[in-house]
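For reference, the structure is listed below as structure tokens.
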Amino acid sequence: RTAWRRHLLAVSMALFCLLHNPMDVHARPANMSSLKDKNSPTSKEENEILPPDHLNGMKLEMDGHINKGFHQEVFLGKEMEEFEEDSEPRRNRNKLIDIFRKVDFNKDKSVSAKEMQRWIVEKTEEHFQEAVRENKMSFHAVDPDGDGHVTWDEYRVKFLASKGFNKKEMADKIKNSEELKVDEETQEVLESLKDRWFQADNPPADQLLNEEEFLSFLHPEHSKGMLKYMVKEIVRDLDQDSDKKLTLSEFISLPMGTVENQQAQDIDDDWVRERKKEFEEVIDGNHDGIVTMEELQEYMDPMNEYNALNEAKQMIAVADENQNHNLELEEILKYSEYFTGSKLMDYARNVHEEF
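When the letters of the sequence shown are read in order and numbered with mature numbering (1 follows the signal peptide of the UniProt record, and there is no 0), they come out as residues -27 to -1, 1 to 328.
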């Protein structure tokens, strides 16, 4: 969980990319959750009980990377999958027109920052509700006897079984307080999960998690205390001088890859430029060059309405070609890739006739 271990992991990933696909090299450590999803299929059981690396509607990933899909997540909500699964341009265009009409709350054929803010909060709440529904299934997976609570030892056995260890053997060893002979990586994950488990255990601390506490364990965005813990973990990994604050240089200095070529350098430059812009324009609220834990927590809070308004203004500015600080349908269709991840052709064809 230390920055040094993250550096080793980043170097390993870069070497893996170089050896297996020399034309597709990343100069910065890739998002661990996306790599895991694409390259390391996990069992359904493991997915149910492990905290996800990626949280919908959160600006940063658990590993401190900027969430590339954030704008789409807070614009589409639960409709994200429809755009991912259905790439037919005309149908996507009609869906986007329908969304525009819903965002345009006062029906004046123009979306203001306040209307976009209202929409972002609503879509974020959809992600919250989806997490609650998923948590019910996940909690049932770790609480098969249905007594309404799970001990750390019960969870540990379930986790180790999902990683391929013998369930009965692990349960017996834990019951008898014997040493668990697991590999270093599994041990490190266990230690991280244990810290997170005890953070999610609300007072009075009884080392048992009920369904609500288990939701906080899997989804820290649902608890102010767990959100604060998540921020502390991110700061600890990036904070080079241990002052519990982040400077710009610390925020943009995640370990570099090992490949020396122009393509890698271009990716690296884009990565630094993106993080620099986010640090200076969004996270560092008072523009003093320092990001405190409080500032980072405010930035990370998905239900912060002030953040939602700022996000709404930024999203509008991307597509606001006529500079009226609002979005018209033509603009949102033209910049559909930014809002939905889907690029539409002939965006302006008969656009007024749609109304």
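Note that CB positions come from ideal geometry on N, CA and C, so glycine has one too.
Close Cβ partners of residue i (< 6 Å) along its chain, the five nearest in sequence each way excluded
{"i": "Glu304", "result": "Ala292, Glu294"}
{"i": "Arg74", "result": "none"}
{"i": "Lys96", "result": "Val47, Gly50"}
{"i": "Leu282", "result": "Gln90"}
{"i": "Trp92", "result": "Val76"}
{"i": "Ser35", "result": "The question names Ser, but residue 35 is Met in the sequence shown. Taken in chain order, the residues that qualify are Asp26."}
{"i": "Phe187", "result": "Phe112"}
{"i": "Gly258", "result": "Glu268"}
{"i": "His298", "result": "none"}
{"i": "Lys80", "result": "none"}
Nearest to residue i (by Cα), restricted to the options the options
{"i": "Lys249", "options": "Pro176, Ile225, Ser83", "result": "Ile225"}
{"i": "Ala300", "options": "Pro176, Glu142, Ala285, Glu184", "result": "This sequence places Leu at residue 300; Ala is not what is there. Comparing Cα positions, the closest option is Ala285."}
{"i": "Phe78", "options": "Leu69, Ile72, Glu88, Glu103", "result": "Glu88"}
{"i": "Lys32", "options": "Leu306, Glu271, His113", "result": "Glu271"}
{"i": "Glu310", "options": "Ser222, Lys41, Met35", "result": "Lys41"}
{"i": "Phe132", "options": "Val115, Tyr279, Gln287", "result": "Val115"}
{"i": "Gly198", "options": "Arg63, Asn175, Leu182", "result": "Asn175"}
{"i": "Ala178", "options": "Leu317, Pro117, Gly30, His122", "result": "His122"}
{"i": "Thr124", "options": "Lys154, Glu98, Trp170", "result": "Trp170"}
{"i": "Lys109", "options": "Phe56, Glu185, Asp71, Ser222", "result": "Glu185"}
{"i": "Asp126", "options": "Ser85, Asn149, Ser83", "result": "Asn149"}
{"i": "Phe101", "options": "Glu54, Asn29, Thr159", "result": "Asn29"}
{"i": "Pro24", "options": "Glu61, Ser83, Val84, Ser189", "result": "Ser189"}
{"i": "residue 382", "options": "Asp120, Gly37, Val94, Glu107", "result": "In the structure displayed, the chain extends from -27 to 328; residue 382 sits before or after that span and is not available."}
{"i": "Met276", "options": "Glu52, Val94, Asp81", "result": "Val94"}
{"i": "Gln180", "options": "Glu55, Asp243, Tyr128, Gln287", "result": "Tyr128"}
{"i": "Ser83", "options": "Gln296, Gly314, Ser315", "result": "Gln296"}
{"i": "Val264", "options": "Glu157, Asp216, Gln160", "result": "Asp216"}
{"i": "Gly137", "options": "Pro117, Glu151, Thr159", "result": "Thr159"}
{"i": "Gly37", "options": "His195, Glu251, Glu142, Glu151", "result": "Glu251"}
{"i": "Glu194", "options": "Glu98, Asp118, Phe56", "result": "Glu98"}
Any non-hydrogen atom of the ligand GTP within 6 Å of residue i CB
{"i": "His192", "result": "Only the bare structure without any ligand can be found here, which leaves the ligand GTP out of the picture."}
Interface flag, residue i vs chain D, CB-CB below 7 Å
{"i": "Phe132", "result": "Among the chains of the structure shown, chain D does not appear; only one protein chain is present."}
Delimiting residues of the alpha helix (DSSP H) encompassing residue i
{"i": "Ile70", "result": "62 to 76"}
{"i": "Ile93", "result": "86 to 115"}
{"i": "Asp26", "result": "Run containing Asp26: none; DSSP gives neither H nor E here."}
{"i": "Ala281", "result": "278 to 292"}
{"i": "Met43", "result": "One detail in the question is off: residue 43 reads as Phe in this sequence, not Met. From DSSP, the alpha helix (DSSP H) with Phe43 extends over 43 to 49."}
{"i": "Ile207", "result": "197 to 211"}
{"i": "Lys146", "result": "140 to 148"}
{"i": "Phe312", "result": "309 to 313"}
Cβ neighbours of residue i in the same chain (closer than 8 Å, five flanking residues each side left out)
{"i": "Leu269", "result": "Val204, Ile207, Val208, Leu219, Ile256"}
{"i": "Lys201", "result": "Met266, Gln270"}
{"i": "Cys63", "result": "A small fix is needed here, since residue 63 is Arg in this sequence, not Cys. So the list is empty, once near-sequence residues are dropped."}
{"i": "Asn280", "result": "Glu271, Tyr272, Asp274"}
{"i": "Asp156", "result": "none"}
{"i": "Lys154", "result": "none"}
{"i": "Glu278", "result": "Gln90, Val94"}
The beta strand (DSSP E) enclosing residue i, as first and last residue numbers
{"i": "Val155", "result": "Where Val155 is concerned, there is no enclosing beta strand (DSSP E), given that its DSSP letter is neither H nor E."}
{"i": "Lys218", "result": "218 to 220"}
{"i": "Val264", "result": "263 to 265"}
For residue i: DSSP bridge partner residues
{"i": "Thr124", "result": "Leu181"}
{"i": "Ile39", "result": "Leu33"}
{"i": "Leu300", "result": "Val84"}
Own chain, CB closer than 7 Å to residue i, minus 5 neighbours either side, in chain order
{"i": "Lys140", "result": "Val130, Ala134"}
{"i": "Asp168", "result": "none"}
{"i": "Met53", "result": "Gln45, Glu46"}
{"i": "Glu223", "result": "Leu211, Asp212, Gln213"}
{"i": "Phe312", "result": "His44, Gln45, Phe48, Ile305"}
Contact belief for residue i with residue j at Cβ below 8 Å, rounded distance in angstroms
{"i": "His192", "j": "Ala104", "result": "5 Å"}
{"i": "Leu317", "j": "Asn65", "result": "6 Å"}
{"i": "Ala173", "j": "Leu182", "result": "6 Å"}
{"i": "Ala86", "j": "Ile289", "result": "6 Å"}
{"i": "Glu247", "j": "Ile39", "result": "6 Å"}
{"i": "Leu302", "j": "Ile70", "result": "7 Å"}
{"i": "Glu253", "j": "Leu221", "result": "7 Å"}
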